[in-house]
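Peer 1: Residue numbers (our numbering), protein chains in the order written: chain A, 1 to 243; chain B, 244 to 607. Think of the CB as a built atom: it goes at the ideal place given N, C-alpha and C, for glycine as much as any other residue. Have a look at the structure that comes next, please.
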């Protein structure tokens, strides 16, 4: 098996409760994943400094650095490995906090095993799609309006020459829009492709990400030429500026 | 609870309105007095002017004084009698004094009422906040073993594991259940301690044998986890405590130390004691995972994360509930003793000092 294929099946479980950690690991192994474990945030960051994996299952309430802190630290280091948060606190405000920290999904304890496994598969499927869709030289780079986006490096050079570090969600949204050039993509479709339906409390999140993309890539974000709103439906992406 | 709060808020509103009313009454009475004094001064001025007019028109001074008794005629000039002027000032002063004392007293009484009710409301809000926070913490503490239990059960249902794997899962579930049971017991115990519903005796107890009994019960677990417990407490040190409370306190501290050392992969726990001024100190030192020095005080709070020690292995570990050290502190307070924890930092072990009032050796 190649290194990248191995990495695609490697999951890191960060959980300080040994029973829960063992249960999660055993089930992931039974599904065919390679599993490693860490019992606190520092151990997890150390492991991730030396290894790569396809997914991190991350408990929020960890001794020392908590799960949100670990996720934020990873994102600041430019590590875009997807994160599935596990936490005893499942109210909407905490979910949003987790996703704002750079998480991909959020599961409240106690959870159903099947749901957990489905979510793991869904996250990995989204990332498989993203990697495959950015695999060739032609699909790895997107050029529009003087901007150049490198999907593999999560980096872009905008029309004014500035270097932009993209979050994985921004890159994924851009990828979905680029795959549907000139077509209307609904907010719900974007949510499903990038996050999975039930993760965020509202589709307004998508609007916020589009605003961020406009700020990065539009010369006049108030009058967008590439990221166009189709009122009441969603968005349309154009390579050429609208006349 | 809600109706009591409505009653308190209504009472507070009524008292505040009453205080404002008394303030207004004071102001109004003062204005009324000034009005009356001013009217009296005007009336006396008119009388003086009339007396002067009569004198100027040739009326005899005696006749003028007969007609206007408050007026004094001296050398053809009419003036207000000093006694009348003085009486007016005295009356004004008396009324002002009366209003100031009466109003001041009522305002003070109402102010005290406002302070008492506001204090009661604040105390109640604090209790409600503590209850909310306690419930949130309790539910949070339960969710992890519950999640583990659910995961084990669903694993058995989904995967039909081999007998050995099934046994591991069953052991894990039993451990999760006993962990939840321990949490329920400790929560009830902490509530009883908080509400003072414990009746503790004060007996002279020989520390070495009292601690030794607990050590004996925990030795098997210590051996299984690669931990050596060394007890160097000298004989003849007596403390004043309830026997059961001392047992609970020593057991909780030792279990905490065992978990900390187990997490560090094994090590030592040392027990020693010394007589201080009016007290006997028990020191429990471990080579466990330790904690940041600043976190020492937080260890004894309810559901302290540092206190919630995790087990070391799959399926057979011993969990902390986050209440053990809280109960230790409460029991030590009730025994008029003290407890403190210290560590030089994470990974550097920890020491716990428990001090009880010293007792004389019982004569029997």
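Where does residue 336 of chain B sit, in a helix, a strand or coil, going by DSSP?
Peer 2: Looking at residue 336 of chain B - three-state DSSP - the assignment turns out to be helix.
Peer 1: With burial defined as no fewer than 16 other Cβ atoms inside 10 Å of the residue's Cβ, what is the status of residue 204 of chain A: buried or exposed?
Peer 2: Burial call: exposed.
Peer 1: If I follow the unbroken alpha helix (DSSP H) through residue 244 of chain A, where does it start and stop?
Peer 2: The question about residue 244 of chain A has no answer, for chain A in this structure spans 1 to 243.
Peer 1: Residues of chain A with CB under 8 Å from residue 538 of chain B, in chain order?
Peer 2: What residue 538 of chain B touches in chain A: nothing, since even the nearest Cβ is about 10 Å away.
Peer 1: From the DSSP output, in three-state form, read off residue 584 of chain B for me.
Peer 2: Strand at residue 584 of chain B.
Peer 1: Can you pull the DSSP bridge partners for residue 474 of chain B?
Peer 2: Answer is B:514, bridged to residue 474 of chain B.
Peer 1: How many whole angstroms separate the CB atoms of residue 399 of chain B and residue 409 of chain B, which I take to be in contact at a CB cut-off of 8 Å?
Peer 2: About 6 Å; that satisfies the 8 Å criterion.
Peer 1: Kindly give me the distance between the Cβ atoms of residue 70 of chain A and residue 14 of chain A, rounded to whole angstroms, as I take these residues to be in contact under 8 Å.
Peer 2: Indeed they touch by this definition, with Cβ atoms about 7 Å apart.
Peer 1: Does the segment 128 to 145 of chain A come close enough to the segment 38 to 51 of chain A to have 3 or more Cβ pairs within less than 8 Å?
Peer 2: Taking 8 Å as the limit for Cβ pairs, the verdict is that the segment 38 to 51 of chain A does not touch the segment 128 to 145 of chain A.
Peer 1: Ends of the beta strand (DSSP E) at residue 446 of chain B?
Peer 2: Looking at the DSSP string, the run of the beta strand (DSSP E) that includes residue 446 of chain B is 446 to 449.
Peer 1: By alpha-carbon positions, which one of B:486, B:467, B:593 and B:574 ends up nearest to residue 455 of chain B?
Peer 2: Taking only the C-alpha atoms, the option nearest residue 455 of chain B is B:486.
Peer 1: Which one of B:598, B:358 and B:315 has the shortest CA to CA distance from residue 526 of chain B?
Peer 2: Comparing Cα-Cα distances from residue 526 of chain B to each of B:598, B:358 and B:315, the minimum goes to B:598.
Peer 1: If residue 578 of chain B and residue 484 of chain B are in contact, beta carbons under 8 Å, what's the gap, nearest whole angstrom?
Peer 2: The Cβ separation is near 5 Å, so the contact holds.
Peer 1: May I ask you to list the residues that DSSP assigns as paired with residue 602 of chain B?
Peer 2: Answer by DSSP bridge pairing: none, since residue 602 of chain B is not bridged.
Peer 1: May I ask you to verify whether the segment 313 to 330 of chain B touches the segment 346 to 354 of chain B, counting CB pairs closer than 8 Å and requiring at least 3?
Peer 2: Too few Cβ pairs lie closer than 8 Å, so no.
Peer 1: Below 9 Å between beta carbons: does that hold for residue 576 of chain B and residue 447 of chain B?
Peer 2: Not a contact, by the Cβ cut-off of 9 Å.
Peer 1: Under the three-state reduction of DSSP, which class applies to residue 558 of chain B: helix, strand or coil?
Peer 2: Here the model assigns residue 558 of chain B a pLDDT of 33, short of 50, so the residue's position is not dependable and the matter cannot be decided.
Peer 1: Would residue 556 of chain B be called buried (16 or more neighbouring beta carbons within 10 Å of its own) or exposed?
Peer 2: Note that residue 556 of chain B has pLDDT 33, beneath the 50 cutoff, so the model's placement of it is unreliable and no number is given.
Peer 1: Need the endpoints of the alpha helix (DSSP H) that residue 42 of chain A sits in, please.
Peer 2: Looking at the DSSP string, the run of the alpha helix (DSSP H) that includes residue 42 of chain A is 41 to 50.
Peer 1: Should residue 390 of chain B be flagged as near chain A, meaning a C-beta pair shorter than 9 Å?
Peer 2: Answer yes: the Cβ-Cβ gap between residue 390 of chain B and chain A drops below 9 Å somewhere.
Peer 1: Using the three-state DSSP reduction, which class does residue 254 of chain B fall into: helix, strand or coil?
Peer 2: If DSSP states are grouped into helix, strand and coil, residue 254 of chain B belongs with the helices.
Peer 1: Kindly list, in the order they appear in chain B, the residues whose Cβ is closer than 7 Å to that of residue 88 of chain A.
Peer 2: What residue 88 of chain A touches in chain B: 383, 386 and 387.
Peer 1: Which partner residues of residue 566 of chain B appear in the DSSP bridge assignment?
Peer 2: Note: residue 566 of chain B sits in no beta bridge, so no partner.
Peer 1: For residue 269 of chain B, collect the residues of the same chain with a Cβ closer than 6 Å to its Cβ; drop the 5 residues on either side in sequence, then sort them by chain order.
Peer 2: Answer for residue 269 of chain B: 342 and 346, listed in chain order.
Peer 1: Using the beta-carbon of each residue, which ones in chain A are nearer than 7 Å to residue 397 of chain B?
Peer 2: Within chain A, the residues near residue 397 of chain B are 112 and 113.
Peer 1: Closest to residue 434 of chain B by CA distance: which of B:381, B:476 and B:460 is it?
Peer 2: Considering only alpha carbons, the answer is B:381.
Peer 1: If you draw a straight line from the C-alpha of residue 91 of chain A to the C-alpha of residue 371 of chain B, how long is it?
Peer 2: If you take the alpha carbons of residue 91 of chain A and residue 371 of chain B, they lie about 21 Å apart.
Peer 1: Quick one: Cα of residue 562 of chain B to Cα of residue 519 of chain B, how far?
Peer 2: Unreliable placement is indicated for residue 562 of chain B, whose pLDDT of 49 sits below 50; no coordinate value is reported for it.
Peer 1: Is the Cβ of residue 64 of chain A closer than 9 Å to any Cβ of chain B?
Peer 2: Chain B, which has a Cβ nearer than 9 Å to the Cβ of residue 64 of chain A, makes this yes.
Peer 1: Go through its chain and collect everything with a Cβ distance to residue 226 of chain B's Cβ below 8 Å, but skip five positions before and after it.
Peer 2: With chain B covering 244 to 607 only, the question about residue 226 of chain B has no answer from this structure.
Peer 1: Could you check whether the Cβ of residue 405 of chain B sits closer than 9 Å to any Cβ belonging to chain A?
Peer 2: Taking Cβ atoms only, chain A never reaches closer than 9 Å to residue 405 of chain B, which makes this a no.
Peer 1: Counting along the chain, where does the beta strand (DSSP E) carrying residue 315 of chain B start and finish?
Peer 2: Counting along the chain, the beta strand (DSSP E) containing residue 315 of chain B begins and ends at 314 to 317.
Peer 1: Using DSSP bridges, identify the partner residues of residue 522 of chain B.
Peer 2: Answer is B:600, bridged to residue 522 of chain B.
Peer 1: Would residue 126 of chain A and residue 196 of chain A qualify as a contact pair, given that the criterion is a beta-carbon distance under 9 Å?
Peer 2: Yes, the pair counts as a contact, with Cβ atoms nearer than the cut-off.
Peer 1: Whole angstroms are fine: how far does the CA of residue 279 of chain B sit from the CA of residue 339 of chain B?
Peer 2: Distance between the alpha carbons of residue 339 of chain B and residue 279 of chain B: 12 Å.
Peer 1: So, is the C-beta of residue 429 of chain B closer than 9 Å to a C-beta in chain A?
Peer 2: Taking Cβ atoms only, chain A never reaches closer than 9 Å to residue 429 of chain B, which makes this a no.
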